[in-house]
Amino acid sequence: MAGHSKWANIQHRKGRQDERRGKIFTRLIKEITVSARLGDSDPASNPRLRLAMEKAYDQNMPKDNVERAIKRGSGELEGVDYIELRYEGYGINGAAVMVNCMTDNKTRTVADVRHAFTKHGGNLGTDGSVSFLFKHCGQMIFAPGTDENALMEVALDAGAEDVVSNDDGSIEVITAPNDFAEVKQRMEAAGFKPEMAEVTMKPIAEVMFDGDDAVRMQKLLDALENLDDVQEVYTTAVIAE
Numbered sequence: 002m003a004g005h006s007k008w009a010n011i012q013h014r015k016g017r018q019d020e021r022r023g024k025i026f027t028r029l030i031k032e033i034t035v036s037a038r039l040g041d042s043d044p045a046s047n048p049r050l051r052l053a054m055e056k057a058y059d060q061n062m063p064k065d066n067v068e069r070a071i072k073r074g075s076g077e078l079e080g081v082d083y084i085e086l087r088y089e090g091y092g093i094n095g096a097a098v099m100v101n102c103m104t105d106n107k108t109r110t111v112a113d114v115r116h117a118f119t120k121h122g123g124n125l126g127t128d129g130s131v132s133f134l135f136k137h138c139g140q141m142i143f144a145p146g147t148d149e150n151a152l153m154e155v156a157l158d159a160g161a162e163d164v165v166s167n168d169d170g171s172i173e174v175i176t177a178p179n180d181f182a183e184v185k186q187r188m189e190a191a192g193f194k195p196e197m198a199e200v201t202m203k204p205i206a207e208v209m210f211d212g213d214d215a216v217r218m219q220k221l222l223d224a225l226e227n228l229d230d231v232q233e234v235y236t237t238a239v240i241a242e
């Protein structure tokens, strides 16, 4: 994609996450709580919980906070009973947007999400309206200058589905969602630490935005990400720097 820097986009995204560190803690606590409730409270046998805990520790969340969230999820401590919801819609110029939420009040959440879409030029769609434009997968992104041949050998041997070299020199490793934790562990054991690693909804095709449309699209994404019940926002839009 001409002019598109995957690496610059990742750095931009990380910077925005750093600005929202307080909200990240809240979202991670929700994810840990729900992961422990839906699966085993032992991270060794619950990959989703293990990944949520790794993210929490990467963000320097205190161990006590993590353990309390696990206990709330497993029923050892009282806590809010969150449900998971996904909303799909369209942003500027029809760009696809998916919004993952965790909430204790579905009525409030859908109203907030719909208002954010409408206020900022988007439209809330129906279930399945844009999900086919994304691939549920594990994704690791490595910095430009990484030894591509060595990385590819380790990744494929560890069970990765694909290794993609971007025009800007960054490298992506794609895995099945259930294989993500093991592949990431083996990559790091071999000395390859990703700059960003997550189980995500990866756009099958991206659409570049610049100028006024980029500003409008970013305002919509910011409005959605700032909602208390929103965990993750995925989009086919790529905002130019």
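Residue numbers (the working numbering): 2 to 242. All C-beta atoms, glycine included, are put in the ideal place defined by N, C-alpha and C.
Residue i burial status per 10 Å Cβ neighbour count (16 or more: buried)
{"i": "Lys-31", "result": "buried"}
{"i": "Glu-85", "result": "exposed"}
{"i": "Gly-192", "result": "exposed"}
{"i": "Pro-63", "result": "exposed"}
Of the listed residues the options, nearest to residue i (C-alpha basis)
{"i": "Val-165", "options": "Ala-182, Ala-144, Glu-183, Asp-230", "result": "Ala-144"}
{"i": "Asn-167", "options": "Asp-158, Glu-154, Glu-149", "result": "Glu-149"}
{"i": "Ala-156", "options": "Gly-170, Gly-146, Ser-130, Pro-195", "result": "Pro-195"}
{"i": "Gly-92", "options": "Ala-241, Asp-229, Leu-222", "result": "Leu-222"}
{"i": "Ile-172", "options": "Pro-204, Thr-147, Arg-87", "result": "Thr-147"}
Cut-off 6 Å between Cβ atoms - residues of its own chain near residue i, not counting five sequence neighbours on either side
{"i": "Lys-72", "result": "Leu-78"}
{"i": "Ala-37", "result": "Leu-50, Ile-71, Gly-74, Ser-75"}
{"i": "Met-153", "result": "Val-164"}
{"i": "Glu-226", "result": "Val-234"}
Residue(s) in a DSSP beta bridge with residue i
{"i": "Asp-163", "result": "Ile-175"}
{"i": "Tyr-91", "result": "Ala-97, Asn-124"}
{"i": "Thr-201", "result": "Cys-138"}
{"i": "Val-234", "result": "Val-100"}
Residue i - containing beta strand (DSSP E), residue span
{"i": "Ile-71", "result": "Careful: Ile-71 lies outside any beta strand (DSSP E), inside the alpha helix (DSSP H) at 64-75."}
{"i": "Gly-238", "result": "This sequence places Ala at residue 238; Gly is not what is there. Run containing Ala-238: 238-240, per the beta strand (DSSP E) assignment."}
Where the alpha helix (DSSP H) containing residue i begins and where it ends
{"i": "Pro-48", "result": "48-59"}
{"i": "Ala-224", "result": "212-226"}
{"i": "Glu-79", "result": "First-last for Glu-79: undefined, no H or E at that position."}
Chain-order list of residues whose beta-carbon lies under 8 Å from that of residue i (same chain, five-residue window excluded)
{"i": "Glu-183", "result": "Ala-159, Gly-160"}
{"i": "Asp-214", "result": "Ile-93, Asn-94"}
Sequence-distant residues of its chain with Cβ nearer than 7 Å to residue i (five each side left out)
{"i": "Cys-57", "result": "What sits at residue 57 in the sequence shown is Ala, not Cys. Within the same chain, Ala-57 has close Cβ partners Leu-29, Ile-33, Val-67."}
{"i": "Arg-115", "result": "Leu-125"}
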